[in-house]
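Structure, as structure tokens:
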Amino acid sequence: MSSGSFLARLLPRSLLLQSVLLLAVALGATTLVISSYFWERFREQFKGELNKRGKAMVQILEKHTDLRLAVSLSDTARAQPLVTSLAKSDEDIRYLAVLGADRHVIAVAPEKGAIELEAALSRHFSDPEEDTLLRFTRVLEGDAGDAGGELDFNAGPSGRQPLGYIVLALSPVRSQRRLFVQTLASVAATGLLELAFFILYFRWVTRRLDHMVRFAEVAAEGDLSQSLDEDVQDELGRLAAALQSMVRRTGGVIAQLVEANGSLSEVSAKLLGTASQNASNASLQAATSAEVGEAVSRLREGFRTALGKAEQVIELARRSEQSSGAGAGAVRDSVSHMQQVRGQVLAISEQMGRLVSRSDEMETIVVSAGEIAEQSHMLSINASIEAARAGQQGAGFSAVAQEVGSLADQSRKATHTVKALLGHMAKAISETQQKIEEGNQGANAGAQVASAAGEAIGHLAEAIAASSRAATEIAASTRQQSEGVDQIWKSTERLNAASQETASGTRLIEKAAEDLARLAAQMGEVVAWYKVRPR
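Numbering (the numbering used here), first residue to last: 41 to 575.
Below, the structure is given as structure tokens:
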């Protein structure tokens, strides 16, 4: 367990109670230290003053006339009241006694037992430093006329003789205890005054802190419309100003976020609508491109079939030309073969007619694809404009819009190419039809000649040769047309791929617009939690 957590559990939760507790502990420790210091310092001083007081007291008693008379007469009745009243007047007197010249007790206060008094007097004269009592002894000396005028031959040179003794013992315990209590009371009173002043000051500080805490709690709950008034320019005043400034700036940021969220919601809604429309158009364009691809694929297969038929015609014409010299018997075979050639030519003519119809349909489809590509290009321009309005958040949409525009340009170029190829193919088909018609006429003429007479074999051979050449030309034209159709088919495949990419890009734009709208809604929920001042 760390010291911080230990103190957190030990101290109360109120900052005021913590300060009062710590201050009380500090004052208690200070009181003990100061009291001990002053006690040691004043005890010696008090002991010296008590010593002076004891000496002055025995000097006064020495000069007391009634006491001297009572001692000289050994009059206990006269001396005892004086000693008793004096002992009662000073609580520091442990005992006060008046002794005769032979140290017999004349008066003592407070009164003690004989054994206790004898022990006390023995210690008094034998070892005055034995215990904590301050002992004083004063010899009462008298003149020659004292005690009835009797002479004392043992008197000193001064002519004075001892009348008795005054013994005094002072105990500093009570006075020291009283002094200690007074010192402790003074220090405690001073500490209590300081504690009261500190509590009043700290209560003022805690009220200011409580006001700031309530202000911060209200701000933490989302209410940024409150104000914090603090007139004192100290550390707490600067803290209050910092809190007020922080809340004010936060409220300004929230207000800006509210405005930005409104603009973002509007832009995201417009962008989502545009993206949805682009996605629908791109899907339609992709479907149209797929249909064009299928039509071109069927046209390609038709041209391949026509090319095979033309090769067959060439082969038949070659064989007919070889067999034309066989004679009249071969004429009938030639007529029969010419009939077959005529049927095949008619079939080719019909296929060419269908090819022309398919070519017209394909041209219509290509025109539609060009219009769709143009619409995609315009939609990409609109998406770029909306992304530029969105600023940094629309940078991704701008890139996608540029890609869509690029794909639309490619689609337009591909449709132009397909349209040109369809024009060439239509021209080639027209020429092929003309050749087929000529071949058909030649075949009819050959059939008429063959059926009319066998002598027209020479003419028939020429007709067969002409038919062979026409079939060769038809095959060559059909081969060219087949190659053109292959190019158209490849272009439609590229157009279909571009349309698929365009549709995928628009779907990405639509998804990004949906994400942007969802983020705008979430931001609206966040900023709606705050309450700010109206501007």
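Note that the Cβ used here is the ideal one computed from N, Cα and C, for glycine as well.
Quick one: using the 10 Å Cβ neighbour count with 16 as the cut-off for buried, is residue i buried or exposed?
| i | result |
| --- | --- |
| residue 255 | buried |
| residue 289 | exposed |
| residue 150 | exposed |
| residue 97 | buried |
| residue 138 | buried |
| residue 244 | exposed |
| residue 88 | exposed |
| residue 555 | exposed |
| residue 110 | buried |
| residue 648 | Here the chain covers residues 41 to 575 and nothing more, so residue 648 does not appear. |
| residue 241 | exposed |
| residue 232 | exposed |
| residue 176 | buried |
| residue 412 | buried |
| residue 65 | exposed |
| residue 404 | exposed |
| residue 390 | exposed |
| residue 257 | exposed |
| residue 296 | exposed |
| residue 260 | exposed |
| residue 452 | buried |
| residue 123 | buried |
| residue 538 | buried |
| residue 291 | buried |
| residue 105 | exposed |
| residue 117 | exposed |
Between the Cα of residue i and those of the options, spot the shortest distance and give me the residue it belongs to.
| i | options | result |
| --- | --- | --- |
| residue 266 | 278, 277, 283 and 279 | 283 |
| residue 275 | 293, 252 and 290 | 252 |
| residue 278 | 249, 263 and 292 | 249 |
| residue 218 | 86, 268, 163 and 358 | 86 |
| residue 178 | 163, 203, 157 and 530 | 203 |
| residue 544 | 141, 359, 205 and 323 | 323 |
| residue 355 | 505, 538 and 164 | 505 |
| residue 95 | 239, 309 and 206 | 206 |
| residue 464 | 246, 520 and 68 | 520 |
| residue 341 | 549, 64, 528 and 408 | 528 |
| residue 352 | 317, 549 and 516 | 516 |
| residue 331 | 532, 559 and 297 | 532 |
| residue 37 | 524, 449 and 93 | Not covered by the structure: residue 37. The range shown for the chain is 41 to 575. |
| residue 552 | 118, 208 and 311 | 311 |
| residue 264 | 247, 285, 270 and 271 | 285 |
| residue 548 | 212, 316 and 120 | 316 |
| residue 234 | 162, 127, 163 and 70 | 70 |
| residue 383 | 301, 328, 415 and 484 | 484 |
| residue 313 | 422, 129 and 450 | 422 |
| residue 471 | 459, 514, 502 and 456 | 514 |
| residue 428 | 477, 307 and 345 | 307 |
| residue 269 | 345, 358, 418 and 281 | 281 |
| residue 459 | 400, 425, 481 and 474 | 400 |
| residue 114 | 103, 299 and 145 | 145 |
| residue 446 | 481, 380, 407 and 535 | 535 |
| residue 141 | 117, 450, 108 and 239 | 108 |
| residue 214 | 172, 247, 237 and 238 | 172 |
| residue 320 | 298, 247, 415 and 157 | 415 |
Based on DSSP bridge pairs, tell me the residues matched to residue i.
| i | result |
| --- | --- |
| residue 292 | According to DSSP, which records beta bridges pairwise, residue 292 is partnered with nothing at all. |
| residue 176 | 208 |
| residue 181 | 202 |
| residue 140 | 204 |
| residue 147 | 138 |
| residue 133 | 210 |
Which ranges does the alpha helix (DSSP H) cover as unbroken runs of at least 4 residues, wholly within the region 213–252, from first to last along the chain?
none
Would you say the region 142–149 touches the region 221–239, given that touching needs at least three Cβ pairs under 8 Å?
no
Count Cβ pairs between the region 120–134 and the region 225–233 that sit closer than 8 Å; are there 3 or more?
no
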